[in-house]
Each structure stands twice: as structure tokens, then as C-alpha cells.
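Chemist: In order, the protein sequence lines correspond to chains A and B.
Using the working numbering, the letters of the first sequence map in sequence onto residues 32 to 144.
Using the working numbering, the letters of the second sequence map in sequence onto residues 3 to 119.
This is the structure I want to talk about, given as C-alpha cells.
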Amino acid sequence: DTAVSQTPKYLVTQMGNDKSIKCEQNLGHDTMYWYKQDSKKFLKIMFSYNNKELIINETVPNRFSPKSPDKAHLNLHINSLELGDSAVYFCASSQEPAGGPTFFGPGTRLTVL
Amino acid sequence: AQKITQTQPGMFVQEKEAVTLDCTYDTSDQSYGLFWYKQPSSGEMIFLIYQGSYDEQNATEGRYSLNFQKARKSANLVISASQLGDSAMYFCAMREGRRAGSYQLTFGKGTKLSVIP
């Protein structure tokens, strides 16, 4: 009965490859997010989707492309991976505008070699 | 300018003692939310407590309480009766936004809490 799940938990890949991270939430929330946590543990928003519509698109290289097939899913595809993409990527969800907490998935640790 | 400031990179507390983790924020919005999350060494982000800007009472959740001082723009987390399992990174975060989907969280840099037996 995991609330926000994401796969894979670990991803090790070579520079230049393309990879995807999948996220699903079973909380019935209408907004989902991708956050990136860098090596210094700093967390920053990348994207948000509300009812499958892209709302927030921070200054992220266009090699990163989110896709939301439905309200419960938000995937992140990364093209031409670079060393600097190594980080932990968190999917999250919340119900808006009613408020309440944002719940996070377990994170995907991406290592680019 | 930083929107969320956590001035304590690391803190130590004796087991069973109380500890306060500091957080100050900066916003011009009237409506906002303040959150604390715990990140243990296993890496997951665990929601602890939430305070809305219009809430008059300080939020409490078990051993966690949020000392909300609106005029000072501070939202300190108080953990009572510390346990060894409380050793983790703690993040303060603020939610602003007026449009559905724009309620992103802005995080502080975190405080690493170590509980000493």
C-alpha cells in the first residue's frame, strides 16, 4: 500500500545513455512533482504536473522530459546523460488547492559513469 | 536571497532530551505553508509536521511540535524526548503558490541531527 512509488531505486549508467524513471501514486492526488537532490543534499523542484498538465518547468536542461500519462503517473526521461546528472531524483505528490503535505517517493539514485 | 534558512548544519542532542531545529523563511505571500521533513540515512523523505500561515495554534504531531512565530518569520521544529532513531537530516520547507500545480516546496539546506546515547 505504498503511497508514492518510483522505480528503479538505483540506476547506474554510462554517459550518453538515455534512461527513464517511473513514478506512481495511489493517494488520489492531482498534482505530481519531480525534485532533484544534489550531492550536498540540496533539494530543488524540477517539474510539476496538475491533472496531466505541466505547470512548473524550472531551469532544467531540455534533455529532461517529464510525461504524465494520467493523474496517478509521472515519468521522467533523461536523454544523453551527463556526469552532472548524478543525483537522487524524488517523485512527489500533493492534493491542491486543499493543501496538506506533499508526499515523496523513496527516491532514485542515479549514477552516471 | 534564500527563502528558507536553516542556520545549523549539524546538531547533537543527548538521548531523551529535547532539541530545537531552527528555520526562518522569507515570503511576501499571506498564504503559505511550512513543513518539516526527516531524511534518515536510508534516503527517504518523511513528512513530519505542517503549519499553515493562518493557523493560530502551533502544530503538534506526537513528539514533534512546530514553534511558529509569524512576525519573526520563524518555524522551528522541536523534538521532545529524543530517540536514537531521530538521527537524520531534517529539512524545513515552504510552500507558496496561487495556482494548482504551482505549490512547489522550497527547501532549506537541512540540519543533520545526531542523537547521542
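C-beta: ideal position from N, C-alpha, C; glycine also.
Kindly indicate which residue of A:Asp49, A:Pro39, A:Lys53 and A:Thr38 has the alpha-carbon position closest to the one of serine 99 of chain A.
Modeler: Comparing Cα-Cα distances from serine 99 of chain A to each of A:Asp49, A:Pro39, A:Lys53 and A:Thr38, the minimum goes to A:Lys53.
Chemist: Pull up the distance between the alpha-carbon of aspartate 69 of chain A and that of glutamine 59 of chain B, whole angstroms please.
Modeler: Between aspartate 69 of chain A and glutamine 59 of chain B, the C-alpha separation is close to 35 Å.
Chemist: Helix, strand or coil for glycine 12 of chain B per DSSP?
Modeler: DSSP places glycine 12 of chain B in strand when its eight states are reduced to three.
Chemist: Taking the Cβ atom as the reference point for each residue, do arginine 97 of chain B and glycine 35 of chain B lie within a distance shorter than 7 Å?
Modeler: Contact: yes.
Chemist: Bridge partners for alanine 90 of chain B per DSSP, in chain order?
Modeler: BP columns for alanine 90 of chain B point to B:Leu115.
Chemist: Is the shortest distance between the beta-carbon of leucine 112 of chain A and the beta-carbons of chain B less than 7 Å?
Modeler: Not an interface residue.
Chemist: Output, in chain order, the set of chain B residues within a Cβ distance shorter than 7 Å of glycine 138 of chain A.
Modeler: Neighbours of glycine 138 of chain A on chain B, chain order: Gly45 and Glu46.
Chemist: Taking CB distances under 7 Å as the criterion, tell me whether phenylalanine 109 of chain B reaches chain A.
Modeler: Chain A contact via Cβ: present.
Chemist: Please give the ranges of any beta strand (DSSP E) in the region 63-108 of chain A, keeping only runs that are unbroken, at least 3 residues long and fully inside the region.
Modeler: 74-81, 84-88 and 95-101, all fully within the region 63-108 of chain A.
Chemist: Which chain A residues sit within Cβ distance under 9 Å of phenylalanine 93 of chain B?
Modeler: Ordered by position in chain A, the residues that pass the 9 Å Cβ test against phenylalanine 93 of chain B are Lys72 and Leu74.
Chemist: Alpha carbon to alpha carbon, how far is serine 116 of chain B from valine 91 of chain A?
Modeler: Roughly 34 Å between the two C-alpha positions.
Chemist: Where does the unbroken beta strand (DSSP E) through leucine 36 of chain B begin, and where does it stop?
Modeler: 35-41 is the extent of the beta strand (DSSP E) around leucine 36 of chain B.
Chemist: Are the beta-carbon atoms of glutamate 63 of chain B and isoleucine 48 of chain B separated by less than 7 Å?
Modeler: Contact flag unset, no.
Chemist: If we ignore side chains and look at the alpha-carbon of each, how far apart do threonine 16 of chain B and tryptophan 38 of chain B end up?
Modeler: Residue 16 of chain B is actually glutamine in this sequence, not threonine. Cα to Cα, glutamine 16 of chain B sits roughly 21 Å from tryptophan 38 of chain B.
Chemist: Give the interface partners of serine 124 of chain A over in chain B, defined as CB-CB distance under 8 Å, in chain order.
Modeler: Correct list: empty, because the minimum Cβ distance to chain B is about 11 Å.
Chemist: Determine, using beta carbons only, whether methionine 46 of chain A and leucine 107 of chain A come nearer to each other than 7 Å.
Modeler: Cβ atoms of methionine 46 of chain A and leucine 107 of chain A: not closer than 7 Å.
Chemist: Considering only C-alpha positions, which residue in the set B:Gly12, B:Ala83, B:Lys111 and B:Gly110 is nearest to proline 119 of chain B?
Modeler: Comparing Cα positions, the closest option is B:Ala83.
Chemist: With DSSP as the reference, label leucine 58 of chain A as helix, strand or coil.
Modeler: Residue state, collapsed to three classes: coil.
Chemist: Kindly give me the distance between the Cβ atoms of lysine 102 of chain A and asparagine 88 of chain A, rounded to whole angstroms, as I take these residues to be in contact under 8 Å.
Modeler: Going by Cβ atoms, the distance from lysine 102 of chain A to asparagine 88 of chain A rounds to 18 Å, so no, they are not a contact pair.
Chemist: Leaving out five residues on either side along the sequence, give the residues of the same chain with a beta carbon under 7 Å from the beta carbon of alanine 34 of chain A.
Modeler: Cβ within range, chain order: Gln56, Asn57, Leu58 and Phe134.
Chemist: Quick check: is the beta carbon of glutamine 71 of chain B nearer than 7 Å to any beta carbon in chain A?
Modeler: Glutamine 71 of chain B does not count as touching chain A.
Chemist: Tell me which residues of the region 41-64 of chain A have at least one Cβ-Cβ distance to chain B shorter than 8 Å, keeping chain order.
Modeler: So the close ones are Asp61, Thr62 and Tyr64.
Chemist: With DSSP collapsed to three states, give me the class of glycine 131 of chain A.
Modeler: Three-state result, glycine 131 of chain A: coil.
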